[in-house]
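Residue numbers (the UniProt record's numbering): 1 to 670.
No residue lacks a Cβ here, since even glycine has one placed at the ideal position from N, Cα and C.
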Amino acid sequence: MFLRLLQIFIEVIVPVFAVSLTGYVAAAKIKFDARTLSKASYYVFIPAFVFDVFAGNRELTVRTLELFPAVFLIHAVTTALAYGTARLLRRDAALSAAYVIAVAFPNTGNLGLPLLMFHFGEGIKPDAVMIFLIILVCSFVMSVFFASLNAGQKPLRSVLSVFKNPSLIAFGAALLYSFTGYDLPVTVSRTLSLLGQAMIPLMLFTIGIQFRDARHVRPDADVWIMSLLRTVVSPLVAIGLLYLTGIGGQVYSVTVLHYAMPCAMLSAIIAIEYNVLPEKVTMTVIISTLVSLLTLTLFLADVAFNRYRVRIETEWLIHLSRIDGIGFPRRFSDSEVRSLRQIYIGFDDTDYARLREHERITNHDVKAAEYFLRDKLTELNLDQVCQWIHFGCTSEDINNLAYALMLTESRRDVMLPALRRVMNKIGELAERFRHAPMLARTHGQPATPTTMGKEFYNVRCRLERQYVRLKGAELPGKMNGAVGNFNAHCAVFRIPTGARRRSHRQLHHAPQSQSHRLENAEGNLGLSGALASHLSEKLPVSRWQRDLSDSTVLRNLGVIFGYDLLALKSLLTGLDKIDLNRSVISQDLNAHPEVLAEAVQTQLRALNIPDAYEKLKALTRGNRIDLPALHSYIQSLEIPPPIKQSLTALTPETYLGYAADFPPLTNFEE
């Protein structure tokens, strides 16, 4: 799941930023007028897109109109909160309008739709498109109204301005077209479709130009507040109002995630068109997108977490059926076990929506997983064992094992393979540069020569030790009741010690689901290390054994793995580009013949010549000597001629010891 989340951001967000970056770079060479481009989007391309999506799809239009009141209510409350926050902070009319424009336009189009379909599958598309369109219409209504007010129009004229908006006119035309059944000429239809397809790249390109114009603007407190209103407060408002309106299921999940999206590029286009602090709104688009990297991860990780909860509950039930003498109705057959395990193996967005329906009623996440499993057992005609679901468990019994399994499988399937690839690449470099001499340094000073291969080999060995530690690190779990005493179990009957041990093994070995640059690596490893350090300090400490804040903190485990994986991928990219400038390192090495003084000193010690260190120290300390000077010194020594000959034969490039004699390396495997 963590790998999928990482893939989402790489495949969805990176291309979005790449198009904007193209506009940013192009604006440095070519003088573009951002206002002209935004007008083209506002009056031509966006209306064409709206008409193209709605026109002719009568069923979608009907469902959209049915859900419109509920979504409009969410949008109205969100907008009111944005405007109210600005007024509470005593912001002027222009900045208050900027608050509304930024918060009113979630990026449901070029980010929300791909993200939802990638995460939930193509089956989510009808609901995702429907909610996207409602939000798009609501966004235009709210933003144009407040932008018109800021321009000095009276409220009534501002309302009229809303209905003059080209995109809303296109929406009305599409509704009329859908219900008349009239067929547009193919030429007109294809023209509108092409114009609509050009909307997103043109907007992204324009934002890049606008961001270059606003590059001297720094994100101030207002930008951060608007970003948090957009990515944190808005989805919470959606959750509350959807609960009150009784909307659940797939529509619930889609709506909440749409409202968790960052500010859309359209908000900056509106700000440019109505001249409502476009630099500040553009900066909010950037900052809110960065903030959403964390917030969206937390929202999406909930699906995987509930899948593992269901898995733990299911495996516990299967295990109970295999314990004799506890009164379990009967032992499950092999086919029933396969059917039970398919519940969590095939856990999809529809199942998640059903589980969230139970959570909306029970207001308890683990209890919702239990009720979901009851529904599934009933479908399998296993009603007689429903009362054994969650038997003897507390919520933490389920949660801690779910987290342990998530971490275990992420370690096995994602992190260890990525680390092995890095180790193997370093091993290749060690072999490649096995005989490449270079100058080593200690404390920043020239030291004994070595080989580049040996230095890579050293790093490889250190990584191997950490790999073994990571692979062998135990992730213990508990399944022993609220305070760990098996209180409920003992009150009913005594479970033999062996049975408890087998339970642990069964859960531990349950069948598995089917399933840059170097500075970037350093930066991402720093972030993951900082988060991991906080978790290591935070989690062992509990205030009065009732501190529940660990739940929020634990949701960041996926973020840690994500940063680590990004770092390893960046590291691999950097390692692929490594090569030696042999002439430079040879020149550097041979420029320091003083490194041979160690050999001379050691030889003098072997010959029992007193003060060998001091003699060499007097020669080399603070003095830059060349090879002839060193040879002259050797010849002045009262030592046997063969030894003089062997010492003068030494060069920095041959004074390598066993640097190149490390064992042959093969690829590191599981």
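From residue i to residue j, what distance separates their C-alpha atoms?
i: Thr-22; j: Leu-665; result: 44 Å
i: Ala-482; j: Leu-531; result: 28 Å
i: Arg-502; j: Gly-526; result: For Arg-502, the predicted model reports a pLDDT of 44, less than 50, meaning its position is unreliable; a value from the coordinates is still stated below. Arg-502 and Gly-526: Cα-Cα distance of roughly 40 Å.
i: Asn-520; j: His-435; result: 30 Å
i: Ala-86; j: Leu-204; result: 27 Å
i: Asp-31; j: Arg-360; result: Inspection of the sequence shows that residue 31 is occupied by Lys rather than by Asp. The alpha-carbon atoms of Lys-31 and Arg-360 are separated by roughly 54 Å.
i: Val-285; j: Pro-69; result: 27 Å
i: Arg-341; j: Asp-334; result: 11 Å
i: Ala-353; j: Glu-370; result: 14 Å
i: Val-559; j: Pro-417; result: 18 Å
i: residue 672; j: Asn-480; result: Any answer about residue 672 is impossible in this case: the structure gives the chain only from 1 up to 670.
i: Ile-101; j: Met-142; result: 8 Å
i: Ala-93; j: Glu-396; result: 50 Å
i: Glu-273; j: Lys-39; result: 7 Å
i: Thr-378; j: Arg-420; result: 45 Å
i: Ala-151; j: Pro-278; result: 14 Å
i: Ala-80; j: Val-303; result: 31 Å
i: Asp-222; j: Ala-447; result: 54 Å
i: Val-77; j: Phe-146; result: 14 Å
i: Thr-552; j: Ser-227; result: 20 Å
i: Tyr-633; j: Asn-458; result: 35 Å
i: Leu-168; j: Phe-140; result: 7 Å
i: Leu-568; j: Leu-192; result: 45 Å
i: Leu-355; j: Phe-372; result: 5 Å
i: Trp-544; j: Lys-538; result: Confidence is the limiting factor: at Trp-544 the pLDDT is only 49, short of 50, which leaves the residue's position unreliable, though a coordinate-based value still follows. If you take the alpha carbons of Trp-544 and Lys-538, they lie about 14 Å apart.
i: Leu-67; j: Ala-28; result: 45 Å
i: Ala-629; j: Ile-426; result: 39 Å
i: Met-452; j: Leu-557; result: 36 Å
i: Thr-573; j: Ile-131; result: 40 Å
Need the endpoints of the alpha helix (DSSP H) that residue i sits in, please.
i: Leu-572; result: 557-576
i: Arg-434; result: Careful: Arg-434 lies outside any alpha helix (DSSP H) and carries neither H nor E.
i: Tyr-403; result: 395-410
i: Glu-614; result: 612-620
i: Met-226; result: 221-228
i: His-631; result: 627-636
i: Phe-171; result: 166-180
i: Leu-647; result: 641-648
i: Ile-247; result: Run containing Ile-247: none; DSSP gives neither H nor E here.
i: Arg-190; result: 186-197
i: Val-584; result: 582-590
i: Arg-624; result: Per DSSP, Arg-624 belongs to no alpha helix (DSSP H) and is neither H nor E.
i: Thr-651; result: From DSSP, Thr-651 is part of no alpha helix (DSSP H); its letter is neither H nor E.
i: Thr-231; result: Counting along the chain, Thr-231 falls outside any alpha helix (DSSP H), and DSSP gives it neither H nor E.
Which term fits residue i, buried or exposed, when burial requires 16 or more other beta carbons within 10 angstroms of its beta carbon?
i: Gln-384; result: exposed
i: Pro-496; result: Bear in mind that the predicted position of Pro-496 carries a pLDDT of just 47, short of 50, making it too unreliable to give a figure here.
i: Glu-315; result: buried
i: Cys-393; result: buried
i: residue 671; result: Outside the shown range of the chain, which is 1 to 670, sits residue 671, and nothing can be said about it.
i: Asp-661; result: exposed
i: Gly-325; result: exposed
i: His-618; result: The displayed chain sequence assigns Ala, not His, to residue 618. Looking at its Cβ environment, which holds fewer than 16 other Cβ atoms inside 10 Å, Ala-618 is exposed.
i: Cys-263; result: buried
i: Leu-566; result: buried
i: Asp-165; result: Per the sequence presented here, residue 165 reads as Asn, with Asp not at that position. Label assigned to Asn-165: buried.
i: Arg-605; result: exposed
i: Ala-18; result: exposed
i: Ala-268; result: buried
i: Cys-461; result: exposed
i: His-390; result: buried
i: Pro-610; result: exposed
i: Pro-235; result: buried
i: His-75; result: buried
i: Asn-275; result: exposed
i: Thr-138; result: Contrary to the premise, residue 138 reads as Cys rather than Thr in this sequence. When all chains shown are included, Cys-138 counts as buried.
i: Arg-230; result: buried
i: Tyr-252; result: buried
Check the DSSP bridge columns for residue i and list the partner residues they point to.
i: Leu-263; result: Checking the displayed sequence, the identity of residue 263 turns out to be Cys instead of Leu. Its beta-bridge partners are Pro-106.
Beta strand (DSSP E) containing residue i: first to last residue?
i: Gln-445; result: 445-451
i: Arg-441; result: 437-442
- Counting only runs of 4+ residues fully inside the stretch 275-337, write out the alpha helix (DSSP H) ranges in chain order. 278-321
- Message: Please give the ranges of any alpha helix (DSSP H) in the stretch 341-399, keeping only runs that are unbroken, at least 4 residues long and fully inside the region.
- Response: 349-362, 365-379
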